[in-house]
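Report on the following structure.
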Amino acid sequence: MFSITSRQRVHVLGFQGLIPYKIAWELQRSLFEARRDRPQLEDVLLLLEHPPVYTLGRGADAKFLQFNPECSEREVHRIERGGEVTYHCPGQLVGYPILNLKRHQPDLHQYLRQLEASLILALAQFKLQGERVPGLTGVWLEGQKVAAIGIQVSRWITCHGFALNVCPDLRGFRDIVPCGISDRPVGSLQQWLPDLTVSDVVPAIIEAFSETFSLDAHCYSIDGEIPEDLWQHLLTGKPDSDGLTKTQSYQLDSDPWG
-1 MFSITSRQRV HVLGFQGLIP YKIAWELQRS LFEARRDRPQ LEDVLLLLEH
49 PPVYTLGRGA DAKFLQFNPE CSEREVHRIE RGGEVTYHCP GQLVGYPILN
99 LKRHQPDLHQ YLRQLEASLI LALAQFKLQG ERVPGLTGVW LEGQKVAAIG
149 IQVSRWITCH GFALNVCPDL RGFRDIVPCG ISDRPVGSLQ QWLPDLTVSD
199 VVPAIIEAFS ETFSLDAHCY SIDGEIPEDL WQHLLTGKPD SDGLTKTQSY
249 QLDSDPWG
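Numbering-wise (the working numbering), the sequence shown opens with residue -1 and increments by one.
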């Protein structure tokens, strides 16, 4: 007798427009805390872009800021993730996976390597050879860092995630020492592919993430507020996800937001 095990789902929410950091932070916290209380809830991946903002990890050294945040109009937040200071802005694709690692591999270092692997796999779809650097976290192209990773994990539930520089204005990085690494420059995919946009990269990220974590992606395009039935499902598991609006299984040859 044979049993057939289907892959578990990940709900991928792709947000249109720019999402203020505080709003995305609150969404993450709600989804994160719901999964700490109800570990059976399905995984979620938020994909979005932020307006210009600087974030520091919980133990980050403020010396890596090249300005005084108390005397600056720049938006700065100290958050719960690991790592040093980084910069988010339009043209950068940010991914926030809220996963239960007990359903995957309950190993923090392995999780970081899997995030790197998914980004490298996505870049390969554009014939770009992403690389790791021994002893550091992130993804590089020809010596330039194009993706940063910073996570929080509690009770094996993940929060925060990765930032991939697709076509951002990199000048905002001049005001910091990105990730506390002073001897390695920051780059963007646009340096290799000048016409590349964030929307071009989204399907590749979804495919690579789903493959790396052995998940089936159910994708939602969010323009404005998250539909109430979807939000309640993500927080409680009800109603059943098969009855949600604006959902489709991701197909490799389709537009994930179609």
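C-beta: ideal position from N, C-alpha, C; glycine also. Note that the structure is a prediction, hence the values are computed from the model and not measured.
Practice task
Just list the alpha helix (DSSP H) runs in the region 5 to 64, keeping only unbroken ones of 4 residues or longer that don't cross its boundaries, in chain order.
Solution key: 19 to 35
Handout entry: Where the beta strand (DSSP E) through Val137 begins and ends
Key = Val137 to Leu139
Practice task
Taking only the alpha-carbon atoms, compute the straight-line gap between Asp251 and Phe62 and give it to the nearest angstrom.
Solution key: In this prediction, Asp251 has a pLDDT of 36, which is less than 50 and means its spatial position is unreliable; nothing more can be read from the coordinates.
Exercise for the section: Please look up how many angstroms separate the CB atoms of Leu46 and Val10, rounded, as I've assumed it's under 8 Å. Expected result: Going by Cβ atoms, the distance from Leu46 to Val10 rounds to 11 Å, so no, they are not a contact pair.
Handout entry: Validate contact between the region 189 to 208 and the region 120 to 139 using beta carbons, cut 8 Å, 3 pairs
Key = yes
Handout entry: Host beta strand (DSSP E) of Arg76 (start-end)
Key = Val74 to Arg76
Handout entry: Backbone secondary structure at Phe207 - three-state DSSP
Key = helix
Handout entry: Where Cys165 sits in the DSSP three-state scheme
Key = coil
Handout entry: First through last residue of the beta strand (DSSP E) which encompasses Asp214
Key = Leu213 to Ile220
Problem - Helix, strand or coil at Ser252 according to DSSP, with G and I counted as helix - result: Since pLDDT at Ser252 reaches only 41, below the 50 mark, its modelled position is unreliable, and no value is offered.
Exercise for the section: Measure how close the beta-carbons of Ile96 and His48 come, nearest whole angstrom, since I'm counting them as under 8 Å. Expected result: So it is not a contact: roughly 17 Å between Cβ atoms.
Exercise for the section: Spell out a yes or no on whether the region 29 to 37 and the region 152 to 167 are touching, meaning 3 or more CB-CB pairs, one atom from each, closer than 8 Å. Expected result: yes
Exercise for the section: Pull up the distance between the alpha-carbon of Leu54 and that of His216, whole angstroms please. Expected result: 31 Å
Problem - Range of the contiguous alpha helix (DSSP H) that encloses Gln189 - result: No alpha helix (DSSP H) holds Gln189; DSSP gives it neither H nor E.
Practice task
Can you tell me which of the three DSSP states Gly170 falls into?
Solution key: helix
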